[in-house]
Amino acid sequence: MRYTFKRGEWSNGCALPDWEDGENCDDFLRRINFKTSPMEFGGEGLSQIQIYESENGGLFLAHVCLHNYNVYEVYLPDFPSMMMFIRDHAAAFSAETANTYQQEMLELMRKFFQATHGHDAFEICKECEPLEWQRRINNLNKK
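To convert, count from 1 in the sequence shown and add 2; that's the working numbering.
Right under this line is the structure:
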């Protein structure tokens, strides 16, 4: 699916040439005179936006991919349109990536804690937290 985003307004279709049968992304970009190294928002294997700039500058093409499924092309005919597109849409993709990476780091830290302490990070342990351990023992004895 191809769209145009011009200064905040969406329309169906795109002024750029169509892909040729069997053409890969880099070959297509070179044929239409675009650089092959994109600016990226989001992460590999996650939802992402890749923005390509024309060789002579001033024209932009965004590839929007939701979780490695379909790629939606968005033609951005000028610099203000590209900046508005980033402002309006890129933050959600970056936030999803940051959240995913934070969840992976949390899981890694929990596994590391388990391996080094022999128990879950949220369990109170006499060796790890002797004051809290004693406080809980005292509270149990009061009951």
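C-beta: ideal position from N, C-alpha, C; glycine also. Quick caveat, the model's predicted, so the values are computed rather than measured.
If you draw a straight line from the C-alpha of residue i to the C-alpha of residue j, how long is it?
{"i": "T6", "j": "C16", "result": "6 Å"}
{"i": "Y74", "j": "E129", "result": "55 Å"}
{"i": "N141", "j": "F115", "result": "27 Å"}
{"i": "Q50", "j": "Q104", "result": "17 Å"}
{"i": "E11", "j": "S39", "result": "26 Å"}
{"i": "M107", "j": "L68", "result": "23 Å"}
{"i": "W135", "j": "R112", "result": "20 Å"}
{"i": "F43", "j": "P19", "result": "25 Å"}
{"i": "D122", "j": "R137", "result": "19 Å"}
{"i": "N72", "j": "P82", "result": "26 Å"}
{"i": "R33", "j": "R89", "result": "29 Å"}
{"i": "Q52", "j": "L133", "result": "52 Å"}
{"i": "V76", "j": "N14", "result": "9 Å"}
{"i": "N35", "j": "E57", "result": "6 Å"}
Would you mind reading off the limits of the alpha helix (DSSP H) that contains residue i?
{"i": "S13", "result": "Premise fails: S13 lies in the beta strand (DSSP E), E11 to N14, not in any alpha helix (DSSP H)."}
{"i": "C27", "result": "C27 to R33"}
{"i": "E46", "result": "Per DSSP, E46 belongs to no alpha helix (DSSP H) and is neither H nor E."}
{"i": "L133", "result": "P132 to K144"}
{"i": "F87", "result": "F81 to F87"}
Exposed or buried, what is residue i when buried is set at 16 or more other beta-carbons lying within 10 Å of its beta-carbon?
{"i": "E139", "result": "According to the sequence as given, residue 139 is Ile; it is not Glu. I139 should be labelled exposed."}
{"i": "A93", "result": "exposed"}
{"i": "A64", "result": "buried"}
{"i": "F124", "result": "exposed"}
{"i": "L31", "result": "buried"}
{"i": "M84", "result": "buried"}
{"i": "L78", "result": "buried"}
Between which two residues does the beta strand (DSSP E) carrying residue i extend?
{"i": "K8", "result": "R4 to K8"}
{"i": "F36", "result": "Unbroken run through F36: none, as it is neither H nor E."}
{"i": "E75", "result": "V73 to L78"}
{"i": "A155", "result": "Residue numbering for the chain in the displayed model covers 3 to 145; residue 155 lies beyond these limits and cannot be assessed."}
List the whole-angstrom C-beta distance separating residue i from residue j, where the pair is believed to meet the contact cut-off of C-beta under 8 Å.
{"i": "G60", "j": "D80", "result": "6 Å"}
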